[in-house]
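Sequential numbering from 336 applies to the sequence shown in this note's numbering.
Structure record follows, encoded as structure tokens.
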Amino acid sequence: MSTPSQEMPHTATQAGARSPMPPPATIPSGIALPPGPGPGRRSVSLPAAVRGLTGRVSVRMRLTLLYGILFFFAGGLLLFVTTILVANILNHIDVVGYGVTDQELREFRRQFIGQTMRQLVGRSLLALAGVGMIALVLGYFVADRALSPLQKVTSAARRLSESTLHERIALEGPKDEIKELADTFDAMLERLSQAFDSQRRFVGNASHELRTPLAINRTLLEVALTDPEASDDLKAVGRTLLVNNARHERLIEGLLLLARSERELTTRTSVDLAEVTGTVLETTRKREEEHAEVNIRTELTPGPTVGDPVLLEHLVSNLVENAIKHNVDGGEVWVRTGVLDGFAAVQVENTGLAVPAYEVDRLFEPFRRLNTDRIESAKGAGLGLSIVRSVVHAHRGSVYATPRQGGGLIITVRLPLG
336 MSTPSQEMPH TATQAGARSP MPPPATIPSG IALPPGPGPG RRSVSLPAAV
386 RGLTGRVSVR MRLTLLYGIL FFFAGGLLLF VTTILVANIL NHIDVVGYGV
436 TDQELREFRR QFIGQTMRQL VGRSLLALAG VGMIALVLGY FVADRALSPL
486 QKVTSAARRL SESTLHERIA LEGPKDEIKE LADTFDAMLE RLSQAFDSQR
536 RFVGNASHEL RTPLAINRTL LEVALTDPEA SDDLKAVGRT LLVNNARHER
586 LIEGLLLLAR SERELTTRTS VDLAEVTGTV LETTRKREEE HAEVNIRTEL
636 TPGPTVGDPV LLEHLVSNLV ENAIKHNVDG GEVWVRTGVL DGFAAVQVEN
686 TGLAVPAYEV DRLFEPFRRL NTDRIESAKG AGLGLSIVRS VVHAHRGSVY
736 ATPRQGGGLI ITVRLPLG
């Protein structure tokens, strides 16, 4: 990320053959496009191609074409009926001639009717074509006008997320099918908003209620451990309970942070991911006794974005702590920041046990651990990557992880530039 000439592998296979202690990889620049048709691919049949083309045509264009087809059908039917009526009228007109025979009169009448009908049909077809083109243009604008309320519903649905469920369409106009659709959509948003608010309040209130007894338990245990008359067995039990209590406190703090990160951002300031990461790493280095067996390498370049600095600090902290906890003795962690493809990016790569590709997405779910870590719950509460994903979504960014060749993970976070 520090120089434009750096290329970054995206998948585990692209990471290439590395030594057990490889040099740091660069951030993936994107996903490769699928290959084109080859010998092993089946050709698409004509009906399937037609259906695919129909699926790509917009509703506005389909309505315009439908209006045009109906107009030409009605115009053609009207022309057909008019032709029959005019022919019938002409056949019943008597032609009177002086000085000509009946045969000449019949021939004159036949030519007159034939020439009149040809001119009538030809000019009517030209008029139908011209008016039909005008009808297609008018049909396009009529369809656009009729679909404008649906476009408003669509744009509102596209803007909505869990943090913007308070917005409503509030469509005004006659009580037709489109207004009924918009009102139904607003009612659904109201129910979703209430459900999410209720869930967040429950998590927040439950976490706050649980913090008090845990703090009391910690105080009592610490006092009991300082009692000189306490036996060794009692102190051993007290230390075990204190460690268990600390784990529960971390779990409660994680739940509180998760509930906060899922709400709409109330603080939006300019933040440099390099500065945030530097602060997190400085705090981490002060606890060297906890991770002395892990070597941390950094490559920090400016990555400006806009968001909540506290939440972004928790994001980077969880990534770094996750990389340290799920590592091996003598392992390494690479932390990088910068700008990637028009986004502010931070990437954390770590050595460790091999991670199956099918397990990667599940790691971002709450309380999810690898099969090898489900018993070792002391490593964490299983909320670290869930908090990362929640903070990223609150900042309208993206996060993805790929297994690293030789074991471990490469986790990349992209946020909008500030």
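Backbone N, C-alpha and C fix where the C-beta goes; we use that ideal spot for every residue, glycine too.
Quick one: grab the DSSP three-state call for residue i.
i	result
residue 733	strand
residue 393	coil
residue 457	helix
residue 502	coil
residue 554	helix
residue 467	helix
residue 377	With a pLDDT of 45 at residue 377, under the threshold of 50, the modelled position of that residue is not reliable, and the figure given next carries that caveat. The answer is coil: DSSP assigns residue 377 none of H, G, I, E or B.
residue 700	coil
residue 605	strand
residue 726	helix
residue 563	coil
residue 640	strand
residue 738	strand
residue 411	helix
Using the C-alpha atoms, what's the distance from residue j back to residue i?
i	j	result
residue 685	residue 560	38 Å
residue 440	residue 428	12 Å
residue 493	residue 583	39 Å
residue 736	residue 532	30 Å
residue 672	residue 602	22 Å
residue 534	residue 406	55 Å
residue 436	residue 469	49 Å
residue 552	residue 650	29 Å
residue 490	residue 729	19 Å
residue 574	residue 546	19 Å
residue 752	residue 548	43 Å
residue 520	residue 507	14 Å
Please determine, among the options, the residue with the shortest C-alpha to C-alpha distance to residue i.
i	options	result
residue 743	438, 700, 468, 691	691
residue 617	749, 656, 441, 642	656
residue 628	668, 674, 645	668
residue 555	577, 730, 457, 607	577
residue 518	488, 463, 438, 647	488
residue 541	587, 465, 447, 580	587
If I follow the unbroken beta strand (DSSP E) through residue i, where does it start and stop?
i	result
residue 679	678 to 685
residue 675	667 to 675
residue 750	744 to 751
residue 632	630 to 635
Closer than 7 Å by C-beta to residue i: which residues in its own chain qualify, once you throw out the five before and the five after it? Chain order, please.
i	result
residue 451	425
residue 658	668, 683, 685
Using a Cβ-Cβ cutoff of less than 8 Å, which residues in the same chain neighbour residue i once the five nearest sequence positions on both sides are dropped?
i	result
residue 734	699, 723, 724, 727, 746, 747, 748, 749
residue 569	559
Going by DSSP, what residue range makes up the alpha helix (DSSP H) through residue i?
i	result
residue 652	644 to 660
residue 614	608 to 620
With a threshold of 6 Å on Cβ separation, who are the neighbours of residue i within its own chain once the five nearest residues in sequence on each side are excluded?
i	result
residue 478	395, 398, 399
residue 631	668
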